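In my numbering, the protein residues as written are 646 to 1017. A quick write-up on the structure given underneath.
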Ligand SMILES: Cc1ncc(COP(=O)(O)O)c(C=O)c1O
């Protein structure tokens, strides 16, 4: 198993390097004052620093359940398991299904692929397009293996968004064949136009829906969740207990206090979407100015622009870019066979406008040099 190239990059870069590599939120948009107040309150009660229940504190699970209820996806607190980031949610589910087969989109999220390898899950990949997975292949593969890992909203790395038709088709295929989908949705709130309906809402008994506060509030809190039927939540809770007894209690209390005033989070999400839309527009305009050969689809949300520099080995190119102090993630990292790829994933949320221009100019220089 190879370590994630992204984590290696994050560890090795110095302060002069401009990074378009990580899926990092913009630090200037963290709601620091509100989180400070929520923390202050959380520390007033010593009980909040005590051990707590494994599935997560009840008022926070109720609030998360309400996110779903508001969208017409009936959910109780008992359908929610709080996890240490959605990364742990993925690990718990993979542990439950260890040694079985799983369908994955190609390309897919490296962090999940590594978890599946660690738990000896045999991955079968199905190509992903900008409007969702290849349905003909999906149906054929899912029929046999009955477990699929999907990121329908602003996928990592592709930035793609499943169309409503594809969502309905996936749900229909799962209803027909039985089995489960793991719907990983950390970017679902970061839409620029309108929120798409989750596939899980169409097949509540055949889905595990994973959510996270990492991309919307702060990844450092390490709070995510799994939404599933009560029976599966009980089984997943038993696995979680063997890993960490429970997710950080004080972080759960901070979040719960923050969410107490419910319009606050809604307002924050709205301003985040507006700010990220502007950042995406700036980044894609700068791409057209400085790397005009880069072919890409304009993202409709999320954190990534994905595309290709025709005929260029993007892994080779990034090694040279690193010397010029700029990094991105070459797409060979996202394919199971590590094939040569001319595709690149850029993160557009983290860097400032000046860094975007400087960074893309550095890439342009390396690319023009490689071309000559
Ligand atoms: C698709 C996807 N799933 C899960 C995660 C893990 O997120 P967290 O554990 O911070 O909630 C990430 C992080 O980048 C991701 O991109």
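We put the CB at the ideal spot given by N, CA and C, even for glycine. Note that the structure is predicted; figures quoted are calculated from it, not measured.
From the options, residue whose alpha carbon lies closest to that of residue i
i	options	result
residue 878	726, 677, 695	726
residue 663	982, 848, 963	963
residue 951	960, 976, 971	976
residue 687	990, 953, 905	905
residue 999	946, 927, 985	927
residue 892	993, 867, 742	867
residue 888	949, 699, 670	699
residue 706	901, 757, 851	901
residue 979	803, 669, 690	803
residue 692	1003, 894, 911	894
residue 772	931, 940, 800, 839	800
residue 929	945, 918, 917	945
residue 774	763, 757, 797	797
residue 853	903, 734, 969	734
residue 912	660, 992, 674, 661	674
residue 784	761, 764, 750	750
residue 932	763, 920, 991, 955	991
residue 1014	961, 996, 782, 810	961
residue 777	829, 993, 812	812
residue 968	1004, 996, 981	1004
residue 815	696, 805, 781, 841	781
residue 669	1010, 997, 1012	997
Proximity test, Cβ basis, 8 Å: residue i and chain D
i	result
residue 825	This model lacks chain D altogether; it includes just one protein chain.
Helix, strand or coil at residue i according to DSSP, with G and I counted as helix
i	result
residue 679	helix
residue 729	strand
residue 674	helix
residue 770	strand
residue 804	coil
residue 760	helix
residue 745	coil
residue 698	coil
residue 777	strand
residue 653	helix
residue 753	coil
residue 946	strand
residue 664	strand
residue 903	helix
residue 783	helix
residue 798	coil
residue 765	coil
Opening and closing residue of the alpha helix (DSSP H) in which residue i lies
i	result
residue 706	703-715
residue 818	809-822
residue 911	907-935
Same chain, Cβ closer than 6 Å to residue i, five either side skipped, listed in chain order
i	result
residue 922	837
residue 655	667
residue 737	881, 884, 885
residue 684	899
residue 704	901
residue 708	904
residue 939	932, 952, 954
residue 833	798
Residue span of the beta strand (DSSP E) that contains residue i, given as start and end
i	result
residue 794	792-795
residue 852	852-857
residue 829	825-829
residue 949	949-954
residue 939	939-941
Nonlocal neighbours in the same chain, by C-beta distance under 8 Å from residue i, ignoring five residues either side
i	result
residue 787	748, 793, 818, 819, 822, 824
residue 745	766, 767, 790, 792
residue 718	843, 845, 846, 849
residue 851	819, 820, 823, 824, 825, 826
residue 869	727, 728, 729, 730, 731, 732, 733, 734, 831, 855, 856, 857, 858, 859
Cutoff 7 Å; reference residue i; Cβ partners in own chain excluding five residues on either side
i	result
residue 983	977
residue 1008	936, 966, 971
residue 720	710, 713, 714, 872
residue 943	929
residue 658	664, 972
residue 956	987
residue 985	958, 977
- [ ] Go through the stretch 957-1017 residue by residue and report every complete run of the alpha helix (DSSP H) that reaches 4 residues or more, in order.
- [x] The DSSP assignment places complete alpha helix (DSSP H) segments of no fewer than 4 residues inside the stretch 957-1017 at 959-968, 998-1016, in order along the chain.
Open item on the list: Taking 6 Å as the limit, name every residue whose beta carbon sits nearer than that to some heavy atom of ligand 3, in sequence order.
Closed with: Ligands displayed in this structure: ligand 1; ligand 3 is not among them.
Task: 3-residue-minimum beta strand (DSSP E) runs that sit fully inside the stretch 835-886, ordered along the chain - done: Segments of the beta strand (DSSP E) lying fully in the stretch 835-886: 852-857, 868-872.
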